[in-house]
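Before any comments, here is the structure.
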Amino acid sequence: MELSTRSAWPVAAMTVVAAVVGACCGARPRPAPSAEEAPEPAELPVKELALSGPAASDDAELSGLAWHGDDLILLPERLGLDERGKRLVAGEQVVYAIAKADLEAAIDGRRVDALAPRAIPVVPDVTRAIEGIDGFEAIAIDGDDAYLTIETYQNEDGTNPGYVLRGVFREGRLELDLASLRLVARPTKEPNTGFEAATVADGHLYVVYERNRGDEGPHAAVFDAGDLAHETTTPFPAIAYRVTDLTSPDAAGRVWAMNYRYSDRVIDAPDPAAEALAMRYGRGATHRREIFVERLVELDLRPDGLALTPRPPYQLALAPLPRNWEGIARLGDRGLILVTDEHPHTILGFVALPEP
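In the working numbering, the protein residues as written are 64 to 419.
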């Protein structure tokens, strides 16, 4: 959840500063085209889907998407709870759901009113059960079983651990099994980072650290989906910038990763013009003009790890302000559903994918 207001200027303030600097000192820096860069690929447009109700509020800070049957589950980072200081305050806990039929009607233009996600209660109270809980970052679902990743704020030295937790959808609510809580050590001490991507397949839960690096090299942590016993780690490709979510696998074992670059800070190196996937496949028109990156990367989930497929990444047609895409889910063969947190505001979007 790296782009929370605790760790970055509000986007609106950044926009004002950029405008002032541009007016006084010329245009803001743009990534320079490389002489060796590949030809310019087409970018994919995002169709925004109007939302209403509490899930539409920026305060929801939606951080993950997954399907439970024909319901798309939207995970609020704080389960709808208020925050005091750096701690969650006990209250009514929820996730949200949108029926697939309503979602498709909105995409097809057969529904003109905004989608109103319904609340699903989440029990029991997590605020006292998990020390220093900072937020829920990802959700993966297999049948009625749900798996969530948790980011914490405990130690000033940066050793704040992550956790995974199992739950089950039962009788109209999501019941969390607090006894299933398992620790996941973060590969780096970078502040305000955690395991933002998760997928479940063949009885295993895979979780990926958003910064996708560390002393052990890029990898995914693997857990038994039954009891969350930590089994092993498995290789993960070296993808620059942040990996903020994974879809469920298709029948061939392929998953989509949401890949995002927010700024030109040192931590967000390399420059987009010199990044490996951009050098290989090129950058689209809006990506050549901006410093941020929003793209979809296809991976092959294999017994020996996750690997890039031959399919080129798809870049999204960028908006004037960067969109912090935190959740991604398949919509059958039609395309992908995406969701942002509060930056620049809550956006639910649909991206139609071209034929491979």
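We put the beta carbon where it would ideally sit given N, CA and C, even for glycine.
| Query | Result |
| --- | --- |
| Inter-residue CB distance, residue 264 and residue 312 (contact presumed, cutoff 8 Å) | 5 Å |
| Beta-bridge partners of residue 322, as assigned by DSSP | 306, 358 |
| Cβ separation of residue 225 and residue 215, assumed to be a contact under 8 Å, to the nearest whole Å | 7 Å |
| Endpoints, the beta strand (DSSP E) within which residue 205 is located | 196-205 |
| Inter-residue spacing [alpha-carbon to alpha-carbon] between residue 183 and residue 323 | 29 Å |
| Minimum C-alpha distance to residue 316 - residue among 353, 298, 262 | 262 |
| Run of the beta strand (DSSP E) containing residue 134, from where it starts to where it stops | 134-139 |
| Residue of 377, 390, 304, 171 minimising C-alpha distance to residue 335 | 304 |
| Those runs of the alpha helix (DSSP H) which lie wholly inside the region 130-180 and span at least 4 residues | 163-171 |
| Cutoff 7 Å; reference residue 340; Cβ partners in own chain excluding five residues on either side | 376 |
| Residue 193 (DSSP reduced to helix, strand or coil) | coil |
| Cβ-Cβ distance between residue 240 and residue 267 below 8 Å | no |
| Meets three-Cβ-pair contact criterion under 8 Å: the region 165-173 and the region 137-148 | no |
| Proximity below 8 Å, CB of residue 127 to CB of residue 200 | yes |
| At least three beta-carbon pairs within less than 8 Å, the region 249-259 to the region 194-213 | yes |
| Where residue 250 falls, given that 16 or more other Cβ within 10 Å makes a residue buried | buried |
| Chain-order list of residues whose beta-carbon lies under 6 Å from that of residue 107 (same chain, five-residue window excluded) | 377, 379, 414 |
| Same chain, Cβ closer than 8 Å to residue 365, five either side skipped, listed in chain order | 316 |
| Counterpart residues of residue 225 in DSSP-defined beta bridges | 214, 247 |
| Counted within 10 angstroms of its Cβ, other Cβ atoms place residue 187 as buried (16 or more) or exposed | exposed |
| Exposed unless 16 or more other CB atoms sit within 10 angstroms - verdict on residue 152 | exposed |
| Residue 372 Cβ short of 7 Å to the ligand ADP heavy atom set | Within the structure as shown, the ligand ADP is missing, as the structure has no ligands at all. |
| Whether residue 291 touches residue 346 by CB criterion (8 Å) | no |
| Sub-8 Å separation of residue 121 and residue 409 beta-carbons | yes |
| Residue 87, DSSP secondary structure in three states | Bear in mind that the predicted position of residue 87 carries a pLDDT of just 39, short of 50, making it unreliable; the figure below should be weighed with that in mind. Of the three classes helix, strand and coil, the one that applies to residue 87 here is helix, per DSSP. |
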